[in-house]
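To keep things clear, I will list the structure first and then write my remarks on it.
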Amino acid sequence: MIVKNLPIPKRLSTRMTSRTLVVIGLGWLGVFFIVPLLMLAMTSLNLDGGAVWENYAVALSGVYISAIVRSFYYGLVTTAISLILAYALAYYIVFYSENERFMLGLVILPFWVAYIIRYLGIQLFFSPNGPFVDVFGSNMGLLFSTEGVIIGLTSALLPFAILPIYNSLKSIDQELINASYTLGAGSYRTLVSIIFPLSLSGVVAAAIIEFILATGSFLGPALLGGPGNTMIANIIATTFRAGFNIELASAIAIIYTVILTTVLVTFNSVVNIGEVLSDL
Amino acid sequence: MTTDRFLRRSGLLSVAVFVYAVLLVPIVVIILTSFTPRPFPTIPTRGISFEWYLALLENSQLIGALGVSLVIAAFTSVTSGTLGTITAFGFVRSDIPYKETLSTLMLLPLMISPVITGLALVRFAGQLRIGSGFVAVVLGHTVLTLPYVFLIVRAELVTFDRELESASRILGAGPVESVFNITLPVISPAVISSMLIAFVVSFGEFTATQFLVSSGTTTVPVIIYTMTRSGLNPQISALSTVLIGVMFVAALVSGLVNR
């Protein structure tokens with residue numbers, strides 16, 4: 000099918016520069032994403048009456064601050080576990096597997112399945128009628144607990160860690176590894192001195208993505224945690240939906256976003272976040 | 000040396016099998032438990048049953064939600080696909096100041112927790128008098144899926160050979176015609192793939208969606224979440240398996256288009 004003689008007025012077609020396209024895209028995102036976020040920030044400041052920092056004082060106390068601290072703690076633990084598992088699998092796929100395409104396909108497959116379904120699958124796995132209890136007799140406290148949330152977050156987010164590490168391992172020049180062996184290094188020494196340093200960019204990328212997604216998770220703690228495992232996302236949702244306190248919910252959201260942005264900007268001086276996400 | 004390599008290989012293999020289990024067991028458990036003949040979600044060991052799928056068919060509220068979810072996902076994939084492609088074009092083809100920073104801005108919806116996006120949008124929709132429901136959900140899903148389309152199409156455009164466009168121009172076609180006749184067909188597998196991803200993300204999104212749905216317009220993930228709150232039963236597994244089916248079809252189409 001050939002498109003010919005499009006009825007585009009001359010004036011429009013000369014004005015439709017690439018720059019206009021950028022303006023359309025950024026403008027749309029600005030109106031429907033950035034502006035709503037800024038309005039949320041204003042809401043948190045009680046601009047239509049009340050003390051300006053009141054919501055922030057509440058958000059930084061009691062159950063709210065513990066949920067915030069807990070989120071970052073869970074985020075760190077999940078990131079650490081995911082990096083180890085992801086590195087082992089990526090290493091296996093790159094250097095040992097026979098059918099790399101297929102093995103990678105199995106990693107990408109869960110990407111296509113919604114989070115809610117995968118978290119539910121884990122809940123069913125550890126549920127009283129599930130396969131784990133059938134085999135071991137009890138779920139060993141792995142459901143509705145800290146362990147449950149960590150297992151869930153790790154399982155759900157793992158592909159995000161495997162892919163960047165895989166890409167960085169894949170791009171290592173095989174000649175460098177051969178040279179290391181030729182010069183007499185064993186496989187352990189080669190891994191530590193050659194392969195790992197060269198894959199570091201992928202590891203950092205994986206860590207950043209895991210940390211962002213894990214700390215902001217709603218469904219992980221909602222489906223696999225107990226009452227004592229609520230994270231920031233859950234507290235925000237409950238404050239708004241059950242407590243109808245959008246001012247406080249906004250304040251928690253802003254505090255969380257500011258902390259996360261600070262962490263990311265600090266990292267951004269080491270690696271470029273945009274490049275990290277483009278790696279996916 | 001060979002025994003050493005053998006040991007390391009089998010050690011790594013067992014770790015790999017474990018990691019694959021962590022990745023895939025949740026999905027397998029959902030699918031298997033949907034075929035149980037018993038009234039609670041167990042892995043069927045003696046015979047399978049389709050009664051939970053039949054029960055789905057009789058639930059008109061569910062069928063309605065499935066329709067709503069599909070329509071929302073279709074709208075999202077079109078709006079997000081169009082906007083994302085337009086923006087990727089702009090970014091690849093123009094020299095604007097702060098290009099890197101601005102393109103990172105396009106990825107912001109991936110970094111902000113969807114709870115915050117949902118909260119911000121429900122507030123915004125309320126003030127614009129759009130209210131919650133269909134339009135609000137499509138807007139929210141477009142925001143959430145835009146980065147995927149942008150990233151995928153941009154990566155494709157960066158490697159696109161612009162000589163092809165020049166050839167079209169030399170042969171007399173205008174700039175816009177060249178883009179429609181040459182560039183878009185060449186990058187179309189990537190665009191289609193990114194639209195399928197937008198479709199699937201929208202179809203399964205819950206966290207932001209829970210704020211944006213109205214009682215008349217509910218999506219399947221919201222129903223699944225509500226169902227899990229009132230106890231697990233095999234019908235939830237059956238419904239989830241239907242969703243997995245739709246998502247796998249999308250993945251398959253994406254794979255075929257990109258061969």
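Going line by line, the protein sequences match chains A and B. Position 142 of the first sequence, counted from 1, bears residue number 141 in numbering that gives the first Met the number 0, the numbering being contiguous throughout. Position 2 of the second sequence, counted from 1, bears residue number 1 in numbering that gives the first Met the number 0, the numbering being contiguous throughout. Ideal placement from N, C-alpha and C gives every residue a C-beta, glycine not left out.
- In the pairwise beta carbon analysis, the region 223-238 of chain A is classified as touching the region 102-114 of chain B: at least three pairs are separated by under 8 Å.
- Contact between the region 26-35 of chain B and the region 93-100 of chain A is absent: fewer than 3 CB-CB pairs across the two stretches fall below 8 Å.
- For the pair residue 7/B and residue 86/A, the Cα-to-Cα distance works out to about 15 Å.
- Residue 220/B and residue 216/A have their C-alpha atoms spaced approximately 16 Å apart.
- Counting only residues of its own chain and dropping the five nearest sequence neighbours on each side, residue 92/B has no CB closer than 7 Å to any other CB.
- Under the Cβ distance rule, residue 112/A counts among the residues neighbouring chain B, one pair being separated by less than 9 Å.
- Collapsing the DSSP output to three states places residue 51/B in a helix.
- Using a CB distance below 8 Å, the part of the region 221-246 of chain B facing chain A consists of 223, 224, 227, 231, 235, 236, 239, 242, 243, 246, ordered along the chain.
- For residue 105/B, the uninterrupted alpha helix (DSSP H) segment begins and ends at 98-105.
- In the assembly as shown, residue 215/B is an exposed residue. Its beta-carbon has fewer than 16 other beta-carbons within 10 Å.
- Look at residue 129/B here: in three-state DSSP terms it is coil, with no helix or strand label.
- Neighbours of residue 193/B in chain A, taken as residues at a C-beta separation under 7 Å, are lacking, since the least C-beta distance is about 12 Å.
- Setting aside the 5 residues that flank it on each side, residue 107/A is surrounded in the same chain by 158, each with a C-beta closer than 7 Å to its C-beta; the list follows chain order.
- Contact between residue 122/B and residue 256/A fails: their C-beta atoms lie close to 15 Å from each other, not under 8 Å.
- Contact between residue 246/B and residue 199/B is confirmed by a C-beta separation of about 5 Å, below the 8 Å threshold.
- Nearest Cα to residue 223/A within the set 118/A, 82/A, 50/A: 118/A.
- DSSP places residue 183/A in the coil class of the three-state scheme, outside both helix and strand.
- Under the Cβ distance rule, residue 60/B does not count among the residues neighbouring chain A, no pair being separated by less than 9 Å.
- When rounded, the separation of the alpha-carbon atoms in residue 75/A and residue 202/A is 14 Å.
- Judged by pairs of C-beta atoms under 8 Å, the region 228-243 of chain B does not touch the region 156-169 of chain B, as fewer than three such pairs exist.
- Around residue 198/B, no beta-carbon contact reaches into chain A at under 8 Å, the shortest distance being about 10 Å.
- In the structure shown, residue 242/A adopts coil according to DSSP, grouped into three states.
- Pairing residue 252/B with residue 191/B gives a Cβ-Cβ distance under 9 Å.
- Comparing alpha carbon positions, the residue from 170/A, 142/A, 197/A, 200/A closest to residue 220/A is 142/A.
- Note that the C-beta distance between residue 257/B and residue 188/B is below 9 Å.
- Straight across, the Cα-Cα distance linking residue 39/A with residue 132/B is about 20 Å.
- DSSP, reduced to helix, strand and coil, places residue 194/B within a helical segment of the structure shown.
- Within the region 34-58 of chain B, those residues whose Cβ lies closer than 7 Å to any Cβ of chain A are, in chain order, 39, 40, 41, 42.
- A straight-line Cα-Cα distance of about 18 Å links residue 152/A and residue 139/A.
- Considering only beta carbons, the part of the region 238-262 of chain A lying closer than 8 Å to chain B consists of 239, 240, 245, 248, 249, 252, 255, 256, 259, in chain order.
- By the Cβ-count criterion, residue 65/A is exposed, with fewer than 16 other Cβ atoms from all chains shown falling within 10 Å of its own Cβ.
- One alpha carbon belongs to residue 55/B, the other to residue 79/A, and they sit about 41 Å apart.
- Using a CB distance cut-off of 9 Å, residue 93/B counts as an interface residue toward chain A.
- Across the set 58/A, 122/A, 168/A, the C-alpha of 122/A shows the shortest separation from the C-alpha of residue 146/A.
- For the 9 Å CB-CB criterion, residue 254/A and residue 55/A form a contact.
- Rounded to the nearest whole angstrom, the C-alpha separation of residue 174/B and residue 100/B is 28 Å.
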